[in-house]
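J.: This is the structure, below, for whatever I ask next.
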Amino acid sequence: MASSSSSASRTWRYRVFTSFHGSDVRTSFLSHFRKQFNNNGITMFDDQRILRGETISPALTQAIRESRISIVLLSKNYASSGWCLDELLEILKCKDDMGQIVMTVFYGVDPSDVRKQTGEFGIAFNETCACRTEEERQKWSQALNYVGNIAGEHLLNWDNEAKMIEKIARDVSEKLNVTPCRDFDGMVGIEAHLRKIQSLLDLDNDEVKMVAISGPAGIGKSTIGRALHSLLSNRFHHTCFVDNLRGSHPIGLDEYGLKLRLQEQLLSKILNQDGSRICHLGAIKERLCDMKVFIILDDVNDVKQLEALANESNWFGPGSRIIVTTENKELLKQHGINNTYYVGFPSDEEAIKILCRYAFRQSSSRHGFKKLTRSVTELCGKLPLGLRVVGSSLHGKNEEEWEYVIRRLETIIDRDIEQVLRVGYESLHENEQSLFLHIAIFFNYEDGDLVKAMLAENDLDIEHELNILVNKSLIYISTDGRIRMHKLLQLVGRQANQREEPWKRRILIDAQEICHVLENDIGTGAVSGILFDTSGINEVSISNKALRRMCNLRFLSVYKTKHDGYNRMDIPEDMEFPPRLRLLHWDAYPSKCLPLKFRAENLVELDMKDSRLEYLWPGTQLLTKLKKLNLEGSYNLKELPDLSNATNFEMLDLSVCLALAELPSSIKNLHKLDVIYMDLCESLHMIPTNINLASLETMYMTGCPQLKTFPAFSTKIKRLYLVRTGVEEVPASITHCSRLLKIDLSGSRNLKSITHLPSSLQTLDLSSTDIEMIADSCIKDLQRLDHLRLCRCRKLKSLPELPASLRLLTAEDCESLERVTYPLNTPTGQLNFTNCLKLGEEAQRVIIQRSLVKHACFPGSVMPSEFNHRARGNSLKILVKSSASFAFKACVLISPRQLQCERNQRRVKIRCRVTDGRGRFVGSKVVSLEHPNHSTGIRTKHLCYFNGVLTEVSCDALCFVFKISAYNPLDNYEISECAVQILTNEPERRSCDGGSE
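Right, dumping it as structure tokens:
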């Protein structure tokens, strides 16, 4: 018999072949049978043009062989035809040879009479056999006996012939769909999508359900819809996939006419009746209200389409399912569709697979293309449409051609991709298109509140307009409140902007065009934004009135994508900036200050990174709209302006302002200030005191060596980074900072002791300080402290009592540390005392005996006595009694084979693998020792111990093998001794030495 796999892979010309006796069924039952199958889209072989004779014709034999299913209609005169009986023999031969499916219908005849050739059926059979050989008679008899035993529909069991025919058609559909459609095989991620949507469909429920598939253009909604249609069609009486609804707006039709046209199209498809005409909008309900239907409405973009095609659930029969695919989430709300599956972007791994399927015809990249593949995937933003189109275009191309495509993708979108994505942009009204363009060009990935402040207008409801873009899947709001637009949609926006006539263009982004406008003073009032990349231009001299004509200019961004150290812009000191500016971003601004006539009352963000500014402006400006001020890298900046009225100010970045010596007292008025960046302000020594900023949560002041005073700006502060400062003490007032989670004072050498800390603290870093003492009362009551770092505290001699909450203690290179009074008692805790060479045996005993931790490492060369199973080398065998589980402690002696003290060693890993006496895997454990920056790693012999659990142990011996590896391959360590202590189900006290690997 042919296997199911061979039948599945075979191409069938017909879906169904029917074997029947014409006079019994042709004019009645068979005609209804054919009509139902035709309505269900099932192709049947039509034998009406074949002349019947004494023997079965070659054409009929070929038709049987090319059909997926044969249905034998057994009627009282079926056996009176040798033709029918020969058909039956051929059908059963195809069943055996090719895996053809055979179904039976008993029409006015008892299955028992067919099997035994009795009754009227038997009389007809005997008459046919009268002139035949005994061999033929035996073959026919065996065939009838076989087919009579195939369970099929029996007309006598039905009181409604039409219902029986419907049931047969459904059964045929199911059998045709037992072998899944191969069209979607290998499609990355499709199975997960289908599984999740089927749970929403709840197919066993008899209610009518409408479910939406939503997501941005190009994400794969239509593909998922088609896969669902292929997978589930056999479970419904009638199905159809209505595509291209977005384009269903025939010219010359009013709304009523449009709805009539849509209903005609749906009914023609689902009932398989070409050219259906209707005269009222109740037609769908009239025709389908008692039918279980499966309808997919693809690419819906107008609620009127849903009103026309699926306005009410009662239009369809029980168990019906309507699926709507759309980018527009708002129309789903309008139509009351609450069950929505949102198609998200594929993972990085899935995106690469999609690209590789089209570029290489396999699921992974070819040798030498891995980096290029990742670059293309990133530029496509993981959008399946982009990955498919670009991947196909890259098929068969070499590395050089890939690199060319990558360079092109950075600025130009493929035409086929743009054609799909541009539809969403073109569906927007003028104000919405303007908002889309500004986000695409200026504000992608920016904070939503900042964008609203930038784009707010008296006649524009910016919140409403943003919601429209969200509902149309053109942007989305991330969990941290940022507005995000897909990279390919950004390119759509840029190209849409460039298609506008030059004198109408709202945003200037072409560098040569901008140079021409600025040099010749030909800007217009239509311009609202300039995005000027000066990397590739020659020197340009700007007229002092170059920006004056651009009276509506609100967004000016001058930057370099390629930094070469040259300033190619010559700007006059009295250049006039438009007063409506909300964003002024000018990298490496060449003047000492902004023009005297500069007006800042509309500024929301001022970004002057790497400028030559010494000050911004004299006197006081109205700054009530200002939210962000970034002067990072302005080496010459000596003072800040008066910020008294900057009441909406949220972010201040003064990092690497090397000449800035103090902050103005007006900073006390910035009650919405959330974060301050002042890293590497080498001259900073004066900061205001006695202020409490209500919103300040984070301060970065790394590398401010002149700063002696601990900054106390807010009791609401959460994170303080005071790395390598001149701070000498932590004041008692720090205890009032009840929200403070992290303090990093590492590298602040003037800090000698610490006596006060807030109870909220979770992370404390005192590494590389000259701290000599930590007060007991300071640390032990910090019940939320999770991580304490004391690396290279070379003067610290003892550790105080530690809180029970502490999970990680890193005290590497504490050369003077001698005493550890109360180590950790946290099962997940980690202790690192690497290179604490003065730790005595008592301290080691405390660490081992009084700690309950995940692992610990400290100097030592003598294996602790409690580890009663020991061996030299890196392996150990213990004889045990079978048990459900074992808990154990292991300890290894690590010896450096060669010292590499001049290098930075970051990580050492110890692996423990446990097998039974026959080498079968039982369990494993990996311990990672993280070393801080600039660590020299393990310099002498160290002991490392850790805990583990082995479950389902059913053996009489356990073999432990330990291996060590360093992050830096030049480092070389060995395990010279190992030991194990069994904590439960104590085994027999026997062990066997193992050798080093």
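UniProt numbering numbers the first residue of the sequence shown as 1 and each following residue consecutively.
All residues carry an ideal CB built from backbone N, CA and C; glycine is no exception.
(1) Check each candidate in H367, E418, L379, V389 and name the one with the smallest Cα separation from N398.
(2) How should G218 be labelled, buried or exposed, when 16 other C-beta atoms within 10 angstroms of its C-beta is the threshold for buried?
(3) Can you give, in chain order, each stretch of the beta strand (DSSP E) that sits fully within the segment 829-883 and has at least 3 residues?
(4) Check the DSSP bridge columns for S67 and list the partner residues they point to.
(5) Quick check: the segment 461-474 against the segment 428-446, are at least 3 beta-carbon pairs closer than 8 Å?
(6) Tell me which same chain residues have a C-beta within less than 6 Å of the C-beta of K95, skipping the five on either side of it?
(7) Please report the Cβ distance between M773 and S753, rounded to the nearest whole angstrom; I am assuming they are in contact, meaning their Cβ atoms lie under 8 Å.
(8) Starting from D776 and walking both ways along the alpha helix (DSSP H), at which residues does that stretch end?
(9) Count the other CB atoms, across all protein chains shown, that sit within 10 Å of the CB of T373; report buried if there are 16 or more and exposed otherwise.
(10) Helix, strand or coil: how does DSSP classify L606 here?
(11) Give me the DSSP bridge partner(s) of T915.
(12) How would you label P859, buried or exposed, when you count the other beta carbons within 10 angstroms and need 16 or more for buried?
(13) Taking the alpha-carbon of I168 as reference, which of N868, F236, E90, V208 has the nearest alpha-carbon?
(14) How about K452 and Y341: are their beta carbons less than 8 Å apart?
(15) Return the CA-CA distance between L51 and Y78, expressed in angstroms with no decimal places.
(16) Determine whether the beta carbon atoms of residue 1035 and D521 lie at a separation below 8 Å.
(17) Determine the burial state of residue 1005: buried for a count of at least 16 other Cβ atoms within 10 Å of its Cβ, exposed for fewer.
(18) Among all the DSSP beta bridges, which residues are the ones paired with F294?
(19) On the CB-based measure, 16 or more other CB atoms within 10 Å of its CB, does S965 come out buried or exposed?
(20) Go through its chain and collect everything with a Cβ distance to S768's Cβ below 6 Å, but skip five positions before and after it.
(21) Would you say S861 and L893 are within 8 Å of each other, going by their C-beta atoms?
(22) In the DSSP assignment, the beta strand (DSSP E) including C978 goes from what residue to what residue?
(23) Taking Cβ positions, are S798 and R784 nearer each other than 8 Å?
(24) Under a three-way DSSP split, which group does F442 fall into?
(25) Using 10 angstroms around the beta-carbon of G215, count the other beta-carbons present and answer buried if the total reaches 16, otherwise exposed.
(26) To the nearest angstrom, how far is it from the Cα of N904 to the Cα of H395?
(27) Could you compute how far the alpha carbon of E501 sits from the alpha carbon of A526?
(28) CA-CA distance, S875 and I938?
(29) Compute the beta-carbon to beta-carbon distance between N234 and S173, rounded to the nearest angstrom, for a pair I have assumed lies under 8 Å.
(30) Could you check if Q142 is buried or exposed, using at least 16 other CB atoms within 10 Å of its CB as the buried criterion?
(31) Between which two residues does the alpha helix (DSSP H) holding N38 run?
(32) So, I406 versus G386, is the Cβ gap smaller than 8 Å?
(33) Going by C-alpha to C-alpha distance, which of V949, A856, N835 sits closest to S885?
(34) What does DSSP give as the partner residue(s) for R789 in the beta ladder?
(35) Rank L556, N552, S543 by C-alpha distance to the C-alpha of F442 and give the top, closest one.
(36) On the three-state DSSP scale, how would you describe I213?
T.: In terms of the structure at hand:
(1) As a first step, residue 398 must be located in the sequence shown, where it is residue number 398. Per the C-alpha coordinates, the member of H367, E418, L379, V389 positioned closest to N398 is H367.
(2) Sequence index remark: in the sequence shown, residue 218 carries index 218 (1-based). Under this definition G218 is a buried residue.
(3) Correct list: 830-832, 855-859, 869-872, 875-879.
(4) Here residue 67 refers to the residue found at position 67 when the sequence shown is read from its first residue. Within the DSSP bridge table, the entry for S67 names Y14 as partners.
(5) The segment 428-446 makes contact with the segment 461-474; the number of CB pairs closer than 8 Å reaches 3 or more.
(6) Counted from its first residue, the sequence shown places residue 95 at position 95. Contacts found: V102.
(7) Position 773 of the sequence shown, counted from the first residue, corresponds to residue 773. Position 753 of the sequence shown, counted from the first residue, corresponds to residue 753. That pair is a contact at about 5 Å.
(8) For the purposes of this step, residue 776 is taken as the residue at position 776 of the sequence shown. Per DSSP, the unbroken alpha helix (DSSP H) holding D776 starts and ends at 776-779.
(9) Translated into the one-based positions of the sequence shown, residue 373 becomes position 373. Buried, since its Cβ has 16 or more Cβ neighbours within 10 Å.
(10) Taking the first residue of the sequence shown as 1, we reach residue 606 at position 606. In the three-state reduction of the DSSP assignment, L606 falls in the strand class.
(11) Position 915 of the sequence shown holds residue 915. Partner(s): F921, C959.
(12) Counting from 1 along the sequence shown, the entry for residue 859 is found at position 859. Buried, since its Cβ has 16 or more Cβ neighbours within 10 Å.
(13) Walking along the sequence shown from the start, residue 168 turns up at place 168. Comparing Cα positions, the closest option is F236.
(14) Looking up residue 452 in the sequence shown gives position 452. Looking up residue 341 in the sequence shown gives position 341. Judged by their CB atoms, K452 and Y341 are not nearer to each other than the 8 Å cut-off.
(15) One-based indexing of the sequence shown puts residue 51 at position 51. One-based indexing of the sequence shown puts residue 78 at position 78. In this predicted model, L51 has a pLDDT of only 47, less than 50, meaning its place in the structure is not dependable; the value taken from the coordinates is given anyway. In a straight line, the C-alpha of L51 is about 18 Å away from that of Y78.
(16) With the chain running from 1 to 997 in the structure shown, residue 1035 is simply not present.
(17) Residue 1005 falls outside the range modelled here, since the chain spans only 1 to 997, and no answer is possible.
(18) Here residue 294 corresponds to residue number 294 of the sequence shown, with the count starting at 1. Residue pairing by DSSP places F294 opposite T239, R321 in a beta bridge.
(19) Locating residue 965 in the sequence shown gives position 965, where the first residue counts as 1. Under this definition S965 is an exposed residue.
(20) Residue mapping note: residue 768 aligns to position 768 of the sequence shown, counting from 1. Result list for S768: S746, G747, R792, in chain order.
(21) Taking the sequence shown and counting its residues from 1, the one referred to as residue 861 is at position 861. Taking the sequence shown and counting its residues from 1, the one referred to as residue 893 is at position 893. Taking 8 Å as the Cβ cut-off, S861 and L893 qualify as a contacting pair.
(22) Residue 978 sits at position 978 when you count from the first residue of the sequence shown. Taken as a continuous stretch (DSSP letters only), the beta strand (DSSP E) holding C978 covers 972-982.
(23) One-based indexing of the sequence shown puts residue 798 at position 798. One-based indexing of the sequence shown puts residue 784 at position 784. Taking 8 Å as the cut-off, the beta carbon of S798 is found no closer than this to the beta carbon of R784.
(24) One-based indexing of the sequence shown puts residue 442 at position 442. Here F442 carries a helix assignment [DSSP, helix/strand/coil].
(25) Here residue 215 refers to the residue found at position 215 of the sequence shown. It counts as buried.
(26) Position 904 of the sequence shown holds residue 904. Position 395 of the sequence shown holds residue 395. Reliability fails at N904, whose pLDDT of 48 lies under 50, so the model's placement of it is uncertain and the value that follows must be treated cautiously. The C-alpha of H395 is placed about 44 Å away from the C-alpha of N904.
(27) The residue given as residue 501 occupies position 501 in the sequence shown. The residue given as residue 526 occupies position 526 in the sequence shown. A direct Cα-Cα distance of roughly 11 Å separates E501 from A526.
(28) Residue mapping note: residue 875 aligns to position 875 of the sequence shown, counting from 1. Residue mapping note: residue 938 aligns to position 938 of the sequence shown, counting from 1. In this structure, the straight-line span from the alpha carbon of S875 to that of I938 is close to 21 Å.
(29) The residue labelled residue 234 in the question sits at position 234 within the sequence shown. The residue labelled residue 173 in the question sits at position 173 within the sequence shown. About 4 Å separates the CB atoms of N234 and S173; that is less than 8 Å, so the two are in contact.
(30) Residue numbering aside, residue 142 sits at position 142 when the sequence shown is read from its first letter. That one is exposed.
(31) For the purposes of this step, residue 38 is taken as residue 38 along the sequence shown, with counting starting at 1. 29-39 is the extent of the alpha helix (DSSP H) around N38.
(32) Residue 406 sits at position 406 when you count from the first residue of the sequence shown. Residue 386 sits at position 386 when you count from the first residue of the sequence shown. Judged by beta-carbon spacing, G386 lies beyond the 8 Å limit of I406, meaning their Cβ atoms are not closer than that value.
(33) Translated into the one-based positions of the sequence shown, residue 885 becomes position 885. The closest CA to that of S885, considering only V949, A856, N835, is found on V949.
(34) Position 789 of the sequence shown, counted from the start, is the residue given in the question as residue 789. D765, T810, per the DSSP bridge assignment.
(35) For the purposes of this step, residue 442 is taken as residue 442 along the sequence shown, with counting starting at 1. Of L556, N552, S543, the residue nearest in Cα terms is L556.
(36) Within the sequence shown, the letter at position 213 stands for residue 213. Assigned with DSSP and collapsed to three states, I213 falls in strand.
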